[in-house]
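Data block below; observations after.
In the numbering used here, the protein residues as written are 11 to 660.
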């Protein structure tokens with residue numbers, strides 16, 4: 011022992027908890043201790059074997075010697091000395107007994123010194139990344155410790171999930187809902203590769219996301235070390251900003267650029283932290299950065315030539331129709347107001363569902379395969395299409411046969427698949443201000459309100475007919491979503507999975523003021539539940555969060571129900587259980603294949619939820635659907651409503 015102050019820590023409440031001839035790992039402050047009971051004496055040794063760091067407290071006393079559990083080297087249980095006169099003994103600590111308790115004396119800990127991880131975590135928080143989803147593990151402990159300090163200051167929330175894929179989906183959903191990045195966090199190797207799918211989901215749906223990964227120590231890179239994966243190379247296709255943090259990096263600048271890139275490019279940024287870098291003391295005078303004077307406003311006005319061409323088409327249009335995609339989310343009020351000036355029908359892509367209420371006099375529902383015949387009818391009857399923030403996917407089916415004005419913040423999205431009459435590069439709200447000024451008193455369009463009402467009447471009559479279709483195999487999807495139309499809170503955030511449940515959701519659920527999140531371009535199964543976690547961290551208890559999933563999708567991340575319970579997330583999960591990958595069966599039939607390997611063996615999801623500590627209920631027939639769905643929305647905590655459905659009634 012040195013002359014430093016010794017602090018005593020109780021490590022054993024009762025001596026009987028460590029019988030003669032046994033060893034145990036205990037902790038004194040942050041110091042790992044191997045506590046031994048040998049020949050009537052309690053002794054304390056450093057818990058790390060001097061060779062490979064093996065945990066001696068997990069070893070055993072054999073033939074009077076303490077044996078390392080990793081490689082079998084022996085040490086004396088009291089002195090820590092090895093036999094044979096070797097000089098690789100173990101440090102020992104003073105022990106005292108007080109009645110039945112055991113105390114160990116260790117040197118008073120030095121005050122914490124700022125690390126590289128501290129600088130980077132504080133910079134991350136300063137740039138607004140305050141929600142992190144992930145799993146703490148052996149190759150990310152230094153950065154995790156820095157985030158712990160930020161959380162203790164109230165600057166950050168860390169949510170420990172059960173699978174890193176769920177962490178990436180949660181961060182992706184957070185970015186889609188807020189337009190701001192959250193972070194997903196993992197160890198090296200398999201933890202990082204588990205996040206890959208969710209990172210791609212964010213990338214292709216243009217959601218900002220920050221991925222943080224641990225990495226094996228630099229000195230063993232290239233040797234085939236345990237869990238060694240070249241993550242910079244591995245993530246090169248998914249991460250727009252993709253760097254390894256090094257000891258001599260400009261650490262605050264590196265984190266600033268990572269977050270700035272994610273925000274401005276609406277893309278994925280990735281930083282990987284070698285193990286030895288994370289705990290390294292920061293250079294003197296190092297400090298965290300802030301975004302002050304580091305990021306530009308995005309209110310870009312469009313070029314005059316594009317404005318003139320667009321205004322000319324708008325002046326001559328009689329039946330313009332507006333199409334809103336997910337990229338228009340932040341500007342929906344301005345777009346709807348513009349539509350009201352034109353008296354033009356407004357339809358959305360599936361990803362843009364809910365940007366205008368179906369009950370709005372100009373609302374025409376969803377366009378495309380997951381949509382309604384109302385939307386497609388108005389598109390086909392239009393003489394001009396105004397497309398805001400949409401990607402022209404095959405799923406949506408925006409026809410190139412009509413004159414198109416396309417407005418988008420991203421010049422690469424303009425005329426992406428085919429030429430359009432007018433491609434307008436600019437921020438949507440700013441562009442609409444200019445359009446409104448240029449069109450004052452010059453609008454000569456037909457009022458489509460009465461036609462919209464008539465088309466809705468026809469569609470609702472068709473839905474009522476479908477609602478009469480019943481079977482003994484389960485509830486129809488039409489009935490599920492009609493019931494949700496009546497009971498879902500108007501301000502809910504709704505997260506939907508893929509498959510037949512998503513198609514039926516797009517077709518039959520009538521939004522009012524809800525927001526909708528989905529795995530759009532990637533179309534990844536399993537999105538709904540992790541996405542709901544990300545959504546809840548964005549809105550808290552100020553808005554209800556609802557997840558809608560099929561049985562196939564839910565089972566991919568079923569254990570995340572325990573995450574809802576742990577963090578008391580009052581998420582409402584509705585699962586449509588038909589014991590089948592119904593969408594795939596449908597595609598097999600359409601492709602004239604045999605239906606093969608699409609049946610599912612499921613748990614009782616309601617019982618599973620209850621076993622996790624959530625509320626759970628199963629509905630097996632239409633008669634109980636409304637009552638139990640009302641019960642679901644009345645619950646205060648995490649809740650699961652399992653509905654047995656007929657795969658053929660979609």
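Don't be surprised by glycine CBs; every beta carbon is placed ideally from N, CA and C.
{"Asked": "Sufficient close CB pairs (3 or more, under 8 Å) joining the stretch 223-235 to the stretch 258-267", "Found": "no"}
{"Asked": "Other residues of its chain near residue 79: CB distance less than 8 Å, five sequence neighbours each side excluded", "Found": "64, 65, 66, 68, 69 and 70"}
{"Asked": "Identified DSSP bridge partners for residue 18", "Found": "115"}
{"Asked": "Close Cβ partners of residue 255 (< 8 Å) along its chain, the five nearest in sequence each way excluded", "Found": "126, 130, 261, 264, 281, 282, 283, 284 and 287"}
{"Asked": "Stretch-stretch touch, CB-based, cutoff 8 Å, three pairs: the stretch 112-121 with the stretch 21-41", "Found": "yes"}
{"Asked": "Identified DSSP bridge partners for residue 206", "Found": "DSSP output for residue 206 lists no bridge partner at all."}
{"Asked": "For residue 442, the first and last residue of its enclosing alpha helix (DSSP H)", "Found": "438-449"}
{"Asked": "Inter-stretch contact at 8 Å, needing at least 3 Cβ pairs: the stretch 396-408 / the stretch 318-337", "Found": "yes"}
{"Asked": "The stretch 477-485 / the stretch 346-363 touching (three or more Cβ pairs under 8 Å)", "Found": "no"}
{"Asked": "For residue 296, the nearest candidate out of 580, 509 and 133 (CA to CA)", "Found": "133"}
{"Asked": "Per DSSP, the bridge partner or partners of residue 58", "Found": "65"}
{"Asked": "Residue 557 versus residue 608: straight-line alpha-carbon distance, rounded", "Found": "23 Å"}
{"Asked": "Residue 106 - partner residues in DSSP beta bridges", "Found": "113"}
{"Asked": "Beta-carbon proximity list for residue 546, same chain, < 7 Å, skipping 5 on both sides", "Found": "555, 579 and 581"}
{"Asked": "Boundaries of the alpha helix (DSSP H) in which residue 130 is found, first to last residue", "Found": "126-136"}
{"Asked": "Any 3 or more C-beta pairs closer than 8 Å across the stretch 513-530 and the stretch 153-163", "Found": "no"}
{"Asked": "With 16 other Cβ atoms within 10 Å as the buried cut-off, status of residue 437", "Found": "buried"}
{"Asked": "Where residue 518 falls: helix, strand or coil (DSSP)", "Found": "helix"}
{"Asked": "The stretch 399-408 in contact with the stretch 371-387 per 3-pair CB rule at 8 Å", "Found": "yes"}
{"Asked": "The stretch 384-391 contacting the stretch 207-219, beta-carbon criterion three pairs below 8 Å", "Found": "no"}
{"Asked": "Residues that DSSP places opposite residue 280 in a beta bridge", "Found": "221 and 252"}
{"Asked": "8 Å Cβ cutoff met for residue 367 and residue 523", "Found": "yes"}
{"Asked": "Element boundaries [alpha helix (DSSP H), containing residue 244]", "Found": "241-244"}
{"Asked": "Whether residue 717 touches residue 180 by CB criterion (8 Å)", "Found": "In the structure displayed, the chain extends from 11 to 660; residue 717 sits before or after that span and is not available."}
{"Asked": "Which of helix, strand or coil DSSP assigns to residue 327", "Found": "coil"}
{"Asked": "Segment limits, alpha helix (DSSP H) that includes residue 346", "Found": "342-352"}
{"Asked": "Beta-carbon proximity of residue 484 to residue 654, cut-off 8 Å", "Found": "yes"}
{"Asked": "Under the three-state DSSP convention, the category residue 547 falls into", "Found": "helix"}
{"Asked": "As assigned by DSSP and simplified to three states, the class of residue 648", "Found": "coil"}
{"Asked": "Same chain only: Cβ atoms within 6 Å of residue 183, ignoring 5 sequence neighbours per side", "Found": "527, 541, 544 and 545"}
{"Asked": "7 Å Cβ shell around residue 440 - same chain, five flanking residues per side excluded", "Found": "309, 310 and 311"}
{"Asked": "Helix, strand or coil at residue 411 according to DSSP, with G and I counted as helix", "Found": "coil"}
{"Asked": "Span of the alpha helix (DSSP H), counted from its first residue to its last, around residue 501", "Found": "Neither: residue 501 is in no alpha helix (DSSP H) and is coded neither H nor E."}
{"Asked": "Entirely enclosed beta strand (DSSP E) segments - the stretch 389-433, minimum 3 residues", "Found": "394-398 and 414-418"}
{"Asked": "Beta-carbon proximity check, residue 583 vs residue 600, cutoff 8 Å", "Found": "no"}
{"Asked": "Host beta strand (DSSP E) of residue 146 (start-end)", "Found": "Premise fails: residue 146 is in no beta strand (DSSP E) and is neither H nor E."}
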